[in-house]
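Asks: As you go down the protein sequences, you meet chains A and B in turn. Each residue of the first sequence is one higher than the one before, counting from 1226 in this note's numbering. Each residue of the second sequence is one higher than the one before, counting from 1226 in this note's numbering. Beta carbons: idealized from backbone N, C-alpha and C, even for Gly. Since we're looking at a predicted model, the values are computed, not measured.
Number of protein chains: 2
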Amino acid sequence: MERNLSLDLHVLTARLDRAADRILRAEHDISYSRFLALTLVGELGASTQRALADGLGVTEPSVSRMTSVLAADGLLDVQPDPGGGNRRRLSLTDEGKRLVATIRREFEDRLAAVVAESGVPYAEYAKHTARLLETFDRLEREAGK
Amino acid sequence: MERNLSLDLHVLTARLDRAADRILRAEHDISYSRFLALTLVGELGASTQRALADGLGVTEPSVSRMTSVLAADGLLDVQPDPGGGNRRRLSLTDEGKRLVATIRREFEDRLAAVVAESGVPYAEYAKHTARLLETFDRLEREAGK
DNA sequence: TTGGCTAACTTAGAATGTTAAGTTAGTGGC
DNA sequence: GCCACTAACTTAACATTCTAAGTTAGCCAA
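#1: Below 9 Å between beta carbons: does that hold for LEU1237(B) and LEU1234(A)?
#2: Report yes if the CB atom of ARG1356(B) is closer than 9 Å to the CB atom of VAL1345(A), and no otherwise.
#3: Between LEU1269(A) and ARG1330(B), what straight-line distance do the alpha-carbon atoms span, to the nearest angstrom?
#4: Against chain A, with Cβ distances strictly below 9 Å, would ALA1303(B) count as a contact?
#5: Counting only runs of 3+ residues fully inside the stretch 1275 to 1330 of chain A, write out the beta strand (DSSP E) ranges in chain order.
#6: Below 8 Å, how does it come out for the stretch 1306 to 1320 of chain A and the stretch 1325 to 1340 of chain B: are there three or more Cβ pairs, yes or no?
#7: Closer than 9 Å, CB to CB, is HIS1253(A) near chain B or not?
#8: Where do the N-terminal and C-terminal ends of the alpha helix (DSSP H) with ARG1356(A) fall, by residue?
#9: If the cut is a Cβ gap below 9 Å, which residues of chain A does VAL1339(B) touch?
#10: Specify, as a first and last residue, the run of the alpha helix (DSSP H) that ASP1254(A) falls within.
#11: Which same chain residues, not among the five before or five after ALA1351(B), have their C-beta less than 6 Å away from its C-beta?
#12: Listing by chain order, which chain A residues have their CB less than 8 Å from the CB of ALA1245(B)?
#13: Out of curiosity, what's the CA-to-CA distance linking ALA1368(B) and SER1231(B)?
#14: Using only the alpha-carbon positions, how far apart do PHE1260(A) and VAL1325(A) sit?
#15: Could you tell me the alpha carbon to alpha carbon distance between GLY1321(A) and GLY1267(A), rounded to whole angstroms?
#16: Output the distance between the C-alpha atoms of ILE1328(A) and VAL1288(A), rounded to the nearest integer angstrom.
#17: Which same chain residues, not among the five before or five after ALA1262(B), have their C-beta less than 6 Å away from its C-beta?
#18: So, under 8 Å CB-CB, GLU1342(A) and THR1360(B) are touching, yes? Tell me the CB distance rounded to an integer number of Å.
#19: Using three-state DSSP, classify LEU1241(B) as helix, strand or coil.
#20: With distances taken from CA atoms, which of THR1264(B), THR1273(B), SER1258(B) and ASP1362(B) is nearest GLY1309(B)?
#21: Below 9 Å on C-beta distance, what does LEU1237(B) contact in chain A?
#22: Is the separation between the beta-carbon of ALA1239(A) and that of VAL1283(B) shorter than 9 Å?
#23: Give me, in chain order, the residues of the same chain whose beta-carbon lies closer than 8 Å to that of TYR1347(A); leave out the 5 immediate sequence neighbours on both sides.
#24: At a CB-CB cut-off below 7 Å, which residues of chain A make contact with VAL1288(B)?
#25: For GLU1285(B), collect the residues of the same chain with a Cβ closer than 6 Å to its Cβ; drop the 5 residues on either side in sequence, then sort them by chain order.
#26: Hey, is PRO1346(B)'s beta-carbon within less than 9 Å of any beta-carbon in chain A?
#27: Tell me, to the nearest whole angstrom, how far the beta carbon of TYR1257(A) is from that of ALA1245(A); I am working on the premise that it is less than 8 Å.
#28: Just the chain A side, please: which residues come within less than 8 Å of GLU1342(B) by C-beta, in chain order?
#29: Rounded to whole angstroms, what's the CA-CA distance from ASP1302(B) to LEU1241(A)? Just pull it up for me.
In structure tokens:
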């Protein structure tokens, strides 16, 4: 029996995440998880904790704790949403914006270098990954969560 | 700014892992992590803890704890390796073999169904993922690690 | 207005991962 | 023989995520 897709995806992602985490901690003193959260808020429009959880693929309690820590660190601004409900309105502080801008592009470039080295066509692989994610999201929504 | 490959891989894998974990806990009372470990030992020839850690993409302490638990649960047999060193020789118990055989194929079939639904060519995507994993492993080995 | 419903968020506790540091067992130069 | 080195594993402390259960805030029907 050979390896299979679910296992390879699991292991590939685990290794990429670990490498990313080491680099970011060493060079910018922040974990990869927190960096991803800041990225979502700053560049992909996640403006509530619920939206951030969906965007990151994690649950609400994870986001709840992370936003507390990021706010305490002065990277994220968390305010009650004047628009109603029990929502929080999330936005980056100036320091948060600076950090994301510094790291973001440099970081994706490193992954692109690995992909180039492997001979896998980047654009196609990225497109397929995005499509799988969309499909999986849709199926989960249809299944009623 | 749009989403990017590293984020999409991270989120896709997080969701697949969580879905897998829920299914396995509900239907077979075992976590996805433990199932993957048993699969590696039973079908991919991981016969020491070091080999298992490499195959799973995790560190030795994680495997150390997991093998203790799996052994206590009667799914895994852990013996000092007569062949020397400080190695442990890992093998599945009959119950472990039964569990892996029961779950394995059913499980990959579900992922294949999602991939089919998405229109992404399964074989190609799996091949690319495997190649990225190999390349990343090689680069990390070369970097000294 | 009040009682039930739903959504967003928080808290608590378990599982699993990490790094750092220590233990155990062979290997090899002297 | 002995000391240094390396590899495999364990232990300890901490980070992050999950599920389950509770809280808070609007909405809506009677």
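Replies: Considering the structure as presented:
#1: Reading the second sequence from its first residue, position 12 is the one you call residue 1237(B). Reading the first sequence from its first residue, position 9 is the one you call residue 1234(A). Yes, these two residues count as a Cβ contact at 9 Å.
#2: The residue you call residue 1356(B) lines up with position 131 of the second sequence. The residue you call residue 1345(A) lines up with position 120 of the first sequence. Cβ distance < 9 Å, so ARG1356(B) and VAL1345(A) count as in contact.
#3: Sequence index remark: in the first sequence, residue 1269(A) carries index 44 (1-based). Sequence index remark: in the second sequence, residue 1330(B) carries index 105 (1-based). Between LEU1269(A) and ARG1330(B), the C-alpha separation is close to 37 Å.
#4: On the second sequence, position 78 is the one that residue 1303(B) refers to. Note that residue 1303(B) corresponds to Val in the displayed sequence, not to Ala. It does not: the Cβ of VAL1303(B) has no partner Cβ on chain A nearer than 9 Å.
#5: 1301 to 1305 and 1313 to 1317
#6: no
#7: Residue mapping note: residue 1253(A) aligns to position 28 of the first sequence, counting from 1. Cβ-Cβ to chain B under 9 Å: no for HIS1253(A).
#8: Indexing the first sequence from 1 puts residue 1356(A) at position 131. It spans 1347 to 1367 - the alpha helix (DSSP H) in which ARG1356(A) sits, taken as one unbroken run.
#9: Translated into positions along the second sequence, residue 1339(B) becomes position 114. Per Cβ cutoff of 9 Å: LEU1357, THR1360, PHE1361 and LEU1364.
#10: Counted from its first residue, the first sequence places residue 1254(A) at position 29. In the DSSP assignment, ASP1254(A) falls outside any alpha helix (DSSP H), carrying neither H nor E.
#11: If you number the second sequence from 1, residue 1351(B) lands on position 126. Contacts found: none.
#12: Locating residue 1245(B) in the second sequence gives position 20, where the first residue counts as 1. Within chain A, the residues near ALA1245(B) are SER1231.
#13: Here residue 1368(B) is taken as the residue at index 143 of the second sequence, counted from 1. Here residue 1231(B) is taken as the residue at index 6 of the second sequence, counted from 1. Approximately 21 Å, taken between the alpha carbons.
#14: Counted from its first residue, the first sequence places residue 1260(A) at position 35. Counted from its first residue, the first sequence places residue 1325(A) at position 100. Approximately 7 Å, taken between the alpha carbons.
#15: Residue mapping note: residue 1321(A) aligns to position 96 of the first sequence, counting from 1. Residue mapping note: residue 1267(A) aligns to position 42 of the first sequence, counting from 1. Rounded to the nearest whole angstrom, the C-alpha separation of GLY1321(A) and GLY1267(A) is 8 Å.
#16: Taking the first sequence and counting its residues from 1, one reaches residue 1328(A) at position 103. Taking the first sequence and counting its residues from 1, one reaches residue 1288(A) at position 63. Rounded to the nearest whole angstrom, the C-alpha separation of ILE1328(A) and VAL1288(A) is 21 Å.
#17: Looking up residue 1262(B) in the second sequence gives position 37. So the qualifying residues of the chain are MET1291.
#18: Within the first sequence, numbered from 1, the residue matching residue 1342(A) stands at position 117. Within the second sequence, numbered from 1, the residue matching residue 1360(B) stands at position 135. About 5 Å separates the beta carbon of GLU1342(A) from that of THR1360(B), a gap short enough to meet the 8 Å contact definition.
#19: Within the second sequence, numbered from 1, the residue matching residue 1241(B) stands at position 16. Note: LEU1241(B) maps to helix in three-state DSSP.
#20: Here residue 1309(B) corresponds to residue number 84 of the second sequence, with the count starting at 1. Selected option, being the one with the closest Cα: THR1273(B).
#21: To locate residue 1237(B), count along the second sequence from 1; it is residue 12. The contacting residues are LEU1234, THR1238, GLY1282, THR1354, ALA1355, LEU1357, LEU1358 and PHE1361.
#22: Here residue 1239(A) is taken as the residue at index 14 of the first sequence, counted from 1. Here residue 1283(B) is taken as the residue at index 58 of the second sequence, counted from 1. In contact: ALA1239(A) and VAL1283(B) (Cβ atoms closer than 9 Å).
#23: Along the first sequence, read from residue 1 onward, the residue named residue 1347(A) stands at position 122. Non-local C-beta neighbours of TYR1347(A) in its own chain, meaning closer than 8 Å and more than five positions away in sequence, comprise ALA1337, VAL1340 and ALA1341, ordered along the chain.
#24: The residue given as residue 1288(B) occupies position 63 in the second sequence. Within chain A, no C-beta atom comes less than 7 Å from the C-beta of VAL1288(B); the nearest is roughly 13 Å away.
#25: Residue 1285(B) sits at position 60 when you count from the first residue of the second sequence. Leaving aside the five residues that flank GLU1285(B) on each side, the residues in its chain whose CB is nearer than 6 Å to its CB run, in chain order, ALA1278.
#26: Working through the second sequence from its first residue, we reach residue 1346(B) at position 121. Yes, contact with chain A.
#27: As a first step, residue 1257(A) must be located in the first sequence, where it is residue number 32. As a first step, residue 1245(A) must be located in the first sequence, where it is residue number 20. Confirmed, Cβ separation roughly 4 Å.
#28: Reading the second sequence from its first residue, position 117 is the one you call residue 1342(B). Going along chain A in sequence order, the residues near GLU1342(B) (Cβ under 8 Å) are THR1360 and LEU1364.
#29: For the purposes of this step, residue 1302(B) is taken as residue 77 along the second sequence, with counting starting at 1. For the purposes of this step, residue 1241(A) is taken as residue 16 along the first sequence, with counting starting at 1. Looking at the two C-alpha atoms, the distance is approximately 31 Å.
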